[in-house]
Amino acid sequence: MQIHLRRFGETDLAAFQSYRTDPDLARYQGWQVETDIEAARFLKTMSGAPALQKDVWIQLAICRSDLDEVIGDVGLCHDGTNLELGYTLNRHFQGQGLATAAVRMAVLWAEFTCRANAYIGITDARNTPSINLLERLGFDYTRRSRDGNIVALHYALTPQRG
Numbered sequence: 010m011q012i013h014l015r016r017f018g019e020t021d022l023a024a025f026q027s028y029r030t031d032p033d034l035a036r037y038q039g040w041q042v043e044t045d046i047e048a049a050r051f052l053k054t055m056s057g058a059p060a061l062q063k064d065v066w067i068q069l070a071i072c073r074s075d076l077d078e079v080i081g082d083v084g085l086c087h088d089g090t091n092l093e094l095g096y097t098l099n100r101h102f103q104g105q106g107l108a109t110a111a112v113r114m115a116v117l118w119a120e121f122t123c124r125a126n127a128y129i130g131i132t133d134a135r136n137t138p139s140i141n142l143l144e145r146l147g148f149d150y151t152r153r154s155r156d157g158n159i160v161a162l163h164y165a166l167t168p169q170r171g
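Counted the way the working numbering counts, the sequence shown spans residues 10 to 171.
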């Protein structure tokens with residue numbers, strides 16, 4: 010299956026909510042499940058959000074290319090030095106290499122959009138598939154942090170510059 014990244018649109022609400030309201034996915038994320046009204050507001054904001062404005066998160070939709078159907082998202086935030094990224098994929102599409110492809114696309118897009126000293130992926134220490142994804146892409150483990158009961162693992166990827 011081929012995928013692409015794009016901005017969210019107002020018609021993406023049902024597909025977005027199909028994975029964003031999944032408690033098995035939400036437990037590893039930094040966001041809370043939102044009502045349809047809140048999610049629609051979020052999608053509208055993301056549809057016009059500036060690309061990689063300092064300290065502002067932008068979410069890009071991960072879509073099946075054949076149907077342009079949203080199956081997940083990639084979030085990016087540039088702090089002026091490093092670029093943090095996160096990702097969520099509908100569980101029905103996991104295990105097919107699609108999240109790996111989406112993160113790779115997001116990093117390549119970011120390399121042309123902003124200058125970052127490192128790309129930072131932070132994942133819940135219990136989320137083994139996410140850890141494996143970051144390591145597969147060449148991210149190196151840098152540190153461990155704790156926020157309440159959540160232990161996060163921090164990974165960094167140094168950009169390739171010619």
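Positions of the beta carbon are idealized from the N, C-alpha and C atoms, including for glycine.
**Q.** Assigned secondary structure, T109 (DSSP; H/G/I helix, E/B strand, else coil)
**A.** T109: helix per DSSP, three-state reduction.
Q: Give me the Cα-Cα distance between A119 and T167, rounded to the nearest whole angstrom.
A: Distance between the alpha carbons of A119 and T167 is about 13 Å.
Q | First and last residue of the uninterrupted alpha helix (DSSP H) at Q26 | A | Counting along the chain, the alpha helix (DSSP H) containing Q26 begins and ends at L22 to R29.
Q: Compare the C-alpha of D64 against each of C86, F25 and L14 and name the closest.
A: Per the Cα distances, C86.
**Q.** Supposed contact pair I12 and A110 - C-beta distance, whole angstroms, cut 8 Å
**A.** Taking the Cβ atoms as the reference, A110 lies roughly 6 Å from I12, within the contact range of under 8 Å.
Q.
Let me make sure I understand the geometry here. Which of Y28, M10 and H163 has the alpha-carbon closest to that of D82?
A. When only C-alpha atoms are compared, the closest one is Y28.
Q: Mind reading off the beta-carbon distance from Q68 to G84? Whole number of angstroms is fine, and I expect it under 8 Å.
A: Under the criterion of beta carbons closer than 8 Å, Q68 and G84 qualify as touching, at roughly 5 Å.
Q. In whole angstroms, what separates the C-alpha of T151 from that of T90?
A. For the pair T151 and T90, the Cα-to-Cα distance works out to about 16 Å.
Q | Host alpha helix (DSSP H) of R50 (start-end) | A | Counting along the chain, R50 sits inside the alpha helix (DSSP H) bounded by residues D45 to G57.
Q. Closest by CA to R145, which one among A134, D156, R135 and Y164?
A. Taking only the C-alpha atoms, the option nearest R145 is Y164.
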